[in-house]
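Enquirer: Handing you this structure, nothing more for now.
Protein chains: 2
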Amino acid sequence: MIRIGILGYGNLGRGIECAIKHTKDMKLIAVFTRRDPSSVKILTSDAKVENVDKILNYQDDIDVLILCGGSATDLPKQTPEYAKYFNVVDSFDTHANIPQHFERVDDAAKTSHHFGLISSGWDPGMFSLNRVYGNAILPTGCDYTFWGKGVSQGHSDAIRRIDGVVDARQYTVPVDKALEEVRSGSNPNLTTRQKHTRECYVVVEDSADKARIENEIKTMPNYFADYDTTVHFISMEEMKKNHSKLPHGGFVIRTGKTGWENEHNHVIEYSLKLDSNPEFTASVIVAYSRAVYRLHKEGKIGAHTVFDIAPAYLLDMSAEEMRAHLL
Amino acid sequence: MIRIGILGYGNLGRGIECAIKHTKDMKLIAVFTRRDPSSVKILTSDAKVENVDKILNYQDDIDVLILCGGSATDLPKQTPEYAKYFNVVDSFDTHANIPQHFERVDDAAKTSHHFGLISSGWDPGMFSLNRVYGNAILPTGCDYTFWGKGVSQGHSDAIRRIDGVVDARQYTVPVDKALEEVRSGSNPNLTTRQKHTRECYVVVEDSADKARIENEIKTMPNYFADYDTTVHFISMEEMKKNHSKLPHGGFVIRTGKTGWENEHNHVIEYSLKLDSNPEFTASVIVAYSRAVYRLHKEGKIGAHTVFDIAPAYLLDMSAEEMRAHLL
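Set out below in structure tokens:
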């Protein structure tokens, strides 16, 4: 059994716990939290909840530590720090800082002879993989990534910070017309506005000025100003009833040409339709944790990404079975 | 430069030649043929055409030999044979015989310290990869593979063997209703007939009995009897004008559940829409040939499949660039 530790018990940590339940070769040992452990109720009856200050006591009991914190402030510190003591997996997703994060995890993991996998999940993660496969197969071509329809936590939070807003949920929606153009192989140049729209569901205080709030949302730089944005004011009841879930998904499309004179067109499309963004992200991370365990057993150390992992390492199945049944 | 040899110059061999042209790190050295070399005209001005009996003279000049023969009789002999002398890549696609083929190539390649990659292409190949990724991420789920719309060479050949038929082209067509059911996450059990239809375009001799030919097609065991089959009799002119290409494609869909009580549904879909089946297959093989070269340089030997190759090996890009731009 591959023994797993979870650091951080929010949506992602709970998703990891659920994904482990449905494997046959993995076992959750403990959840580590910055909160008072007695206040954290987990689902796995035979796993422990411990304060994070006890984590080093578990070095001999945990094969892979999964870091479930946020990319803004948690993971930049936690992943290099815990790579000193554990094999680690994270879902670091601040694209611009990936090179620096990689170097820091690599240094720590090489020094301690551990294996660290950064930026797993679906984007970065499965979407990144499909960009690599697409570029490798069709070197003469174009990449397109669309997200949604799904809830963007960052955009929802941005709306919540507006004066008079009680709660908000923002959906990123890919534009069908743009998707169709890309699929046609015409290699369109698409602006930000042409690729996605943003739909906002907002609960406001009784006395709030809706016109001002709608204007503040639609003109917010970086978040909404470059998009066609729709704002719906709804009641708290409707928010809870219709917008309490975290669906997401998206599309990675590679269009490219082959032939002596590039006379033939091809379209490779990878898409996800997810009821629960955190649970799917967790499911990817758990599969990669299996690979981390196996590669470390083979003596591999240092930082890696999904690009460095052969698919066979992800699956709880022998090479012979895989060749016989899935090839 | 990675130096490539091609054995067999049909549609696939020509596709390999075209794909190599559009890489920056690979070079075609020679095409080997069982025909009289003077009768074979290739497109690459600085590559040689040689009879296959000269192939062992090229052991020091070729890094990877790509085998472009058929799976029925060529590859079962050629891949183990040439793995004695070269790193080899093939697109062996007789699913039932993959385990035996793997063992034979593995024995030869291990003895000679070469690297052999079998069954690359898109199915087996990219579709297989997506089955492995899907099973690893969503262990509680179902796999679906649909093919088409595309030309099946085997089914076209079967029609051509009927008395009175001059030429034929058979398209395999996935049934939209079945695709939609699968995408809905309802995990339907689909019969052969519910998944695909078969459309046949047939040129017959002037005196032929069309009713008999249509009946022979529609009742042909294994090929057509289990499908809803449509037969269109057309002229040779129409065949040449509208049915001379080799488009193909298909869909690999994994539907699965996550959550403590499997309460959330997810759909992963990978699809291909290809103008030229042989050129796309060739493009996959060429990307994997790059991986074969690199892995052999690292000292890896023996038989492998696409499951054993980390994606980073496929792309002509540094690990740093890949992490910065594609992750």
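Sequences listed follow chains H and S, in order.
Going by full-length UniProt numbering, the first residue of the first sequence is number 1, and it counts up by one from there.
Going by full-length UniProt numbering, the first residue of the second sequence is number 1, and it counts up by one from there.
From the three backbone atoms N, C-alpha and C, an ideal C-beta is built for every residue, glycine too.
Just so it is clear, the structure is predicted and the values come from calculations on it, not from any experiment.
Does any residue of chain S bring its CB to less than 7 Å from the CB of H:Asp163?
Expert: Output row for H:Asp163: interface = no.
Enquirer: Under 8 Å, with one C-beta from each stretch per pair, do the region 316 to 326 of chain S and the region 123 to 132 of chain H reach the 3-pair mark?
Expert: The region 316 to 326 of chain S is in contact with the region 123 to 132 of chain H.
Enquirer: Would you report the Cα separation of S:Asp46 and S:Met317, rounded to the nearest angstrom?
Expert: Cα to Cα, the separation comes out at about 26 Å.
Enquirer: Measure the CB-CB distance between S:Leu56 and S:Leu7 and report whether it falls below 7 Å.
Expert: Cβ distance not < 7 Å, so S:Leu56 and S:Leu7 don't count as in contact.
Enquirer: Assess, as a yes-or-no matter, whether the region 260 to 267 of chain S is touched by the region 274 to 291 of chain H under the definition of 3 or more beta carbon pairs within less than 8 Å.
Expert: Enough Cβ pairs lie closer than 8 Å, so yes.
Enquirer: Does the Cβ-Cβ distance between H:Gly69 and H:Val306 come in under 7 Å?
Expert: In this structure, H:Val306 does not lie closer than 7 Å to H:Gly69 by Cβ.
Enquirer: Opposite H:Asn11 in the DSSP bridges: which residues?
Expert: DSSP output for H:Asn11 lists no bridge partner at all.
Enquirer: Considering Cα atoms alone, identify which of S:Ile137, S:Asp61, S:Leu75 and S:Asn97 is closest to S:Val89.
Expert: S:Val89 has its Cα closest to that of S:Leu75, out of S:Ile137, S:Asp61, S:Leu75 and S:Asn97.
Enquirer: Measuring straight from C-alpha to C-alpha, what distance separates H:Asp176 and H:Tyr293?
Expert: If I take the Cα positions, the gap works out to 41 Å.
Enquirer: Would you say S:Tyr293 lies against chain H (beta-carbon separation less than 7 Å)?
Expert: By this cut-off, S:Tyr293 is not an interface position.
Enquirer: Do you know offhand how far S:Arg254's Cα is from H:His196's?
Expert: One C-alpha to the other measures close to 26 Å.
Enquirer: Out of S:Trp147, S:Val231 and S:Gly256, which has the shortest C-alpha to C-alpha gap to H:Val284?
Expert: Comparing Cα-Cα distances from H:Val284 to each of S:Trp147, S:Val231 and S:Gly256, the minimum goes to S:Gly256.
Enquirer: Enumerated in chain order, which unbroken segments of the alpha helix (DSSP H) with a length of 4 residues or greater are wholly contained in the region 219 to 300 of chain H?
Expert: Qualifying alpha helix (DSSP H) stretches, in chain order: 236 to 242 and 277 to 297.
Enquirer: Could you pull out every unbroken alpha helix (DSSP H) segment of at least 4 residues lying fully inside the region 165 to 189 of chain H, listed in chain order?
Expert: List check, alpha helix (DSSP H) in window: 176 to 183.
Enquirer: Just how far apart, CA to CA, sit S:Gln153 and H:Ala136?
Expert: Those two C-alpha atoms are separated by around 27 Å.
Enquirer: With distances taken between CB atoms, is the gap from H:Gly150 to H:Gly249 smaller than 7 Å?
Expert: Yes, Cβ-Cβ distance for H:Gly150 and H:Gly249 is below 7 Å.
Enquirer: What's the gap between the Cα of S:His155 and the Cα of S:Trp260?
Expert: C-alpha separation (whole angstroms): 46 Å.
Enquirer: From this set, H:Met239, H:His114, H:Thr191 and H:Pro174, which residue's C-alpha is nearest H:Leu295's C-alpha?
Expert: Selected option, being the one with the closest Cα: H:His114.
Enquirer: Grouping DSSP H, G and I as helix and E and B as strand, with all else coil, what is H:Ala109?
Expert: In the structure shown, H:Ala109 sits in a helix (DSSP, three-state: H, G or I).
Enquirer: Can you list, in chain order, the residues of the region 256 to 267 of chain H whose Cβ is nearer than 7 Å to any Cβ on chain S?
Expert: So the close ones are Thr258, Gly259, Trp260, His264, Asn265, His266 and Val267.
Enquirer: Using only the alpha-carbon positions, how far apart do S:Asp25 and S:Ala287 sit?
Expert: So the alpha carbons of these two residues sit roughly 11 Å apart.
Enquirer: Please confirm if the region 203 to 212 of chain S is in contact with the region 161 to 171 of chain S, defined as three or more CB-CB distances below 8 Å between the two stretches.
Expert: Flag = yes, the region 203 to 212 of chain S and the region 161 to 171 of chain S touch.
Enquirer: Going straight from the alpha carbon of S:Gly116 to that of S:Cys200, what length do you get?
Expert: One C-alpha to the other measures close to 37 Å.
Enquirer: Let me see if you follow: with CB-CB separation under 7 Å, is H:Ser120 close to chain S or not?
Expert: So no, H:Ser120 is outside the interface.
Enquirer: Rounded to a whole number of angstroms, what is the C-alpha to C-alpha distance between H:Ser120 and H:Thr281?
Expert: Looking at the two C-alpha atoms, the distance is approximately 8 Å.
Enquirer: Check whether the Cβ atoms of H:Val202 and H:Ala158 lie closer than 7 Å to each other.
Expert: No, the pair does not count as a contact, with Cβ atoms beyond the cut-off.
Enquirer: Counting only C-beta atoms, is H:Ser276 closer than 7 Å to chain S at any point?
Expert: For H:Ser276, the answer is yes, since a Cβ of chain S falls inside 7 Å of its Cβ.
Enquirer: Quick one: which chain S residues come within Cβ less than 7 Å of H:Cys18?
Expert: In chain order: Thr258, Gly259 and Trp260.
Enquirer: Could you tell me whether the Cβ of H:Ala296 comes closer than 7 Å to any Cβ of chain S?
Expert: As written in the sequence, residue 296 of chain H is His, which differs from the Ala given in the question. H:His296 does not count as touching chain S.
Enquirer: Below 8 Å on the Cβ atoms is my contact criterion, and I expect H:Ile29 with H:Ile4 to pass it. Report the Cβ-Cβ distance as a whole number of Å.
Expert: Going by Cβ atoms, the distance from H:Ile29 to H:Ile4 rounds to 6 Å, so yes, they are a contact pair.
Enquirer: Which residues does DSSP list as the beta-bridge partners of S:Thr23?
Expert: None, per the DSSP bridge assignment.
Enquirer: Nearest CA to the CA of H:Thr33: which residue from H:Asp53, H:Cys18, H:Thr229 and H:Glu216?
Expert: The shortest Cα separation from H:Thr33 among H:Asp53, H:Cys18, H:Thr229 and H:Glu216 belongs to H:Asp53.
Enquirer: If you run the structure through DSSP and keep just helix, strand and coil, what is H:Cys68?
Expert: In the structure shown, H:Cys68 sits in coil (DSSP, three-state: anything other than H, G, I, E or B).
Enquirer: Select from S:Arg198, S:Glu205 and S:Ala312 the residue whose C-alpha is nearest the C-alpha of S:Lys218.
Expert: Measuring from the Cα of S:Lys218, the nearest candidate turns out to be S:Arg198.
Enquirer: Could one say the Cβ of H:Pro99 lies closer than 7 Å to chain S's Cβ atoms, at least one of them?
Expert: Closer than 7 Å: yes.
Enquirer: Can you check which of these residues, H:Ala303, H:Ala108 and H:Gln170, is closest to H:Tyr85 by C-alpha distance?
Expert: The residue with the shortest Cα to Cα distance from H:Tyr85 is H:Ala108.
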